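Asker: Everything in the sequence shown is counted per my numbering, starting at 9 for the first residue and increasing by one.
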Amino acid sequence: MALASLQTSTILLCSSYPLKRIKAAIHIPKSNFSVPKIPTTTKHVEGLTKSHVPLLDQNNVTHSTTSKNTIMQLYAILESVSDRVEMHKNIGEQRQNWNNLLLNNINMITLAATTLTGVAAATGAIGAPLLALKLSSTLLFSAATFMLLIMNKIQPSQLAEEQRNATRLFKRLQSEIENRIALGNYTEQDVKFSIEKVLALDKAYPLPLLGVMLEKFPAKYEPANWWPKKETKTKTQQGKLIENNNNGWSKELEMELREVIEVAKRKDIEDYERLGNIALKVNKSLAIAGPLLTGIAAIGSVFVGNNGSIAGIIAMMAGSLGAAVNAFEHGGQVGMVFEMYRNCGGFFKLLEETVESTLEEKDFEARENGEIFEMKMGLMLGRSVSELREFALKSASCRMEGIEVDEFANKMF
């Protein structure tokens, strides 16, 4: 209460005395001193606005247009790759169906003809019944022989494996392009190299059969080649490895990669070349033996009933063996095995070229990061980074002792 009464009295006291306004002025003596005027830069600003700014805008527009064109080209390539994935997948399934249907149908025809020949020889039929059995068996054996010649020429199981490999590789290329677009790390060089990869895959795994089909029985085994040739670079001065400034590369890492590749050359590549040549020889022999046996059976069936039982026995034996050979060749998919070895050899050839071209690049900043490259190489060979390093050390120690390392570089296949 005391505080409230004190505030009320103070207000009444102030209101009883009118306030007087104080008017004052400060006079500064005049002098000859003058403040200099700041020069205007209107012309310079206008000049900058009219000349330099549009130039920067033009550069930005040009860069933006180039980037837009690049990503549009990548999307066009991506669409084409996606279409190829579907085409190769569908064609692969179709050619696998060819293999199954032709195998079953040819064996059924061969066994039916063999049965008719046996019936003709066992019953001792004469006249029209014998003629009907002989004609039927001969026609069936002839049809089986003709179909076998076509089947062995195109090797449907090998064609299906080619399309499966093409599908897998196009899917990998599709993933690479999608990752580049997602990261925004793309250039005109990426567009060019992506197109080269597409064309190289088209050449390595053609879709048509006539004219461009891969040779199914080459003179010798050669690994598949589905990547574009890299441009040879002129050798520059040897780069020096600087600590903490080498993009993940070191002399130890380079020696490790070289050691692993040398083992792959000596053991993995040579082993697949040996197995590939064996598969090629077996496939050639079976491809010749099948039609030859059915052809002999067709000829033998003509003489059933004329020269005793010898012709019938020969025809039945040849027909049975022909069905067995056909089942082993196409049921066992020997052509597919040969193509698998070709693909494995191509895998190691690509790995070898990739490592050599990377190590030949003397500008460490232009290389892929060393740690990432080592990890990717280990995964491709089915090894962790630590296992890859241990394997390289083991190989180096064995080489110094003059003995061969007791394992292959690749642990996946």
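Just so it is clear, CB atoms sit at the ideal spot from N, CA and C, and this is done for glycine as well.
A quick note: this is a predicted structure, and the numbers were derived from the prediction, not measured.
1. Based on Cα-Cα distance, which residue from M325, M383, V290 lies nearest to I307?
2. At which residues does the alpha helix (DSSP H) containing Q171 begin and terminate?
3. Quick one: residues in its chain with C-beta nearer than 7 Å to the C-beta of A331, no 5 flanking neighbours on either side, listed in chain order?
4. Along the chain, where does the alpha helix (DSSP H) containing N418 start, and where does it finish?
5. Report all residues from its chain with a CB closer than 8 Å to the CB of R266; omit the five preceding and five following residues, and keep chain order.
6. Whether or not the region 160-167 and the region 221-236 are in contact is what I'm after, with contact meaning three or more pairs of Cβ atoms, one per stretch, closer than 8 Å; do they touch?
7. Across the region 367-377 and the region 141-161, are there enough close Cβ pairs to call them in contact, namely three or more that are closer than 8 Å?
8. If I'm right that L82 touches S183 with Cβ under 8 Å, what's the distance once you round it to whole angstroms?
9. Between which two residues does the alpha helix (DSSP H) carrying S403 extend?
10. Would you mind working out which of E395, E260, R350 sits nearest N418, comparing C-alpha positions?
11. Identify whether A323 lies in helix, strand or coil by the three-state DSSP scheme.
12. Alpha helix (DSSP H) containing M385: first to last residue?
13. Go ahead and pull the three-state DSSP assignment for Q341.
14. At the level of alpha carbons, what is the spacing between L141 and G390?
15. Using only alpha-carbon positions, find the residue among G100, G353, A190 that is nearest to R176.
16. So is D276 buried or exposed if we call it buried at 16+ other beta carbons inside 10 Å?
17. Which residues in the same chain as N254 place their Cβ atom closer than 8 Å to its Cβ, once the five residues preceding and following it in sequence are excluded?
18. Count the C-beta pairs between the region 346-364 and the region 187-198 that are closer than 8 Å, then say yes if the count reaches three, no if not.
19. Are there 16 or more other CB atoms within 10 angstroms of the CB of A319, so buried, or fewer, so exposed?
20. Could you tell me how far apart the beta carbons of A287 and V342 are, in whole angstroms, since I believe they sit closer than 8 Å?
Answerer: Here's the rundown:
1. M325
2. 164-191 is the extent of the alpha helix (DSSP H) around Q171.
3. N115, T118, L119
4. DSSP places N418 in no alpha helix (DSSP H); its state is neither H nor E.
5. These residues qualify, in order along the chain: V363, L367.
6. Enough Cβ pairs lie closer than 8 Å, so yes.
7. no
8. That belief does not hold up - the Cβ atoms of L82 and S183 are roughly 13 Å apart, past 8 Å.
9. 393-409
10. E395
11. helix
12. Taken as a continuous stretch (DSSP letters only), the alpha helix (DSSP H) holding M385 covers 378-388.
13. coil
14. 59 Å
15. G100
16. buried
17. F372, G378
18. Short answer: they don't touch.
19. buried
20. 6 Å
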